[in-house]
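Some notes on the structure that comes next.
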Ligand code: NI
Ligand code: MN
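Residue numbers (the numbering used here): 563 to 791.
See the structure below:
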């Protein structure tokens, strides 16, 4: 059993009924977030890259729950300096957590943390392929379309993919349709759109195009859950 809950922007929790994780917890900075960082109870905090709309409340949540931040080595080094437990990884690597296996995969994106006009190097951006509750999903992080999404689809029996559709910083709708096809995932949830004015996208257009490709599109509002059948 695998249930994911959309907490707005690129943030999801995932649970198998026993363990829970959160990915890219951008909550306190997001006016559309249905949850507060104080409410989050998880066993690990995954971060795809160092931009503030992904790192978000990761350090706070990891410390409150006494659980690791998982991310690229440079990003986790920053989190360790800020008092967190960490689980560093790099793209291509796998790690077995108590809840299941995670593979870090590439993403085509930047990863610097910008604070007070200064950029801190946080390693490279990534996505995650997570197996939990005997189901496997792909959270693409922020990324442009790249050909090795086919490889991610070929190497993993994906049953769900969360793909960005907002454009400007990531894939837009049409590229994300190609990504969905390439990952061979029967179920797709759009993310990283409509949070800001510059990443407006039409999720229903995305759903129509996926439907034509015989892929199920699940448009979640912040707070909505989806259980993989
Ligand atoms: Ni980003
Ligand atoms: Mn972003």
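Ideal Cβ positions, reconstructed from N, Cα and C, are used throughout, including at glycine.
(message) Do residue 593 and residue 623 count as a contact pair if the criterion is CB distance below 8 Å?
(response) no
(message) Just verifying my parser: in three-state terms, what is the DSSP assignment at residue 503?
(response) Any property of residue 503 remains undetermined from this structure, which presents the chain solely from 563 to 791.
(message) Quick check on the DSSP output: what are the complete beta strand (DSSP E) runs of length 3 or more inside the stretch 717 to 777, in order along the chain?
(response) 722 to 726 and 749 to 753
(request) Return helix, strand or coil for residue 658, following the three-state DSSP convention. (result) strand
(message) Report the CB separation of residue 564 from residue 645 in whole angstroms; it is logged as a contact under 8 Å.
(response) Wrong, their Cβ atoms sit about 31 Å apart, outside the cutoff.
(message) Please determine whether the Cβ atom of residue 731 lies at a distance below 7 Å from any heavy atom of ligand 1.
(response) yes
(message) If we require 4 or more residues per run, which alpha helix (DSSP H) segments fall completely within the stretch 585 to 671?
(response) 614 to 617, 620 to 627 and 635 to 643
(request) Label residue 567 either buried or exposed according to how many other C-beta atoms from any shown protein chain fall within 10 Å of its C-beta, with 16 as the threshold for buried. (result) buried
(request) Report the three-state DSSP secondary structure of residue 684 (helix, strand or coil). (result) coil
(request) Would you list the one or two residues that DSSP bridges to residue 582? (result) 577
(request) Name all residues in chain order for which at least one heavy atom of ligand 1 lies closer than 5 Å to the residue's CB. (result) 613 and 704
(message) Excluding the 5 residues flanking residue 738 on each side, which residues of the same chain have their C-beta closer than 6 Å to its C-beta?
(response) Close CB contacts of residue 738 within its chain, under the 6 Å cut and outside five residues either way in sequence, are with 725 and 727 (chain order).
(request) Report back the beta-carbon spacing between residue 741 and residue 688 to the nearest angstrom; my notes put them in contact at under 8 Å. (result) Contact flag wrong, Cβ pair sits at about 15 Å.
(request) Leaving out five residues on either side along the sequence, give the residues of the same chain with a beta carbon under 6 Å from the beta carbon of residue 785. (result) 596
(message) Using the three-state DSSP reduction, which class does residue 563 fall into: helix, strand or coil?
(response) coil
(request) Please confirm whether any heavy atom of ligand 2 lies closer than 7 Å to the CB of residue 701. (result) no
(message) In the DSSP output, which residue or residues are listed as bridge partners for residue 699?
(response) Answer is 692 and 722, bridged to residue 699.
(request) Return the residue from the list 783, 729, 779 and 661 that minimises the CA-CA distance to residue 760. (result) 729
(message) Tell me the rounded alpha-carbon separation between residue 721 and residue 586.
(response) 20 Å
(message) Are the CB atoms of residue 591 and residue 614 within a distance shorter than 8 Å?
(response) Less than 8 Å divides the Cβ of residue 614 from the Cβ of residue 591.
(message) Taking 7 Å as the cut-off, is the C-beta of residue 773 nearer than that to any heavy atom in ligand 2?
(response) Of the heavy atoms belonging to ligand 2, none sits nearer than 7 Å to the Cβ of residue 773.
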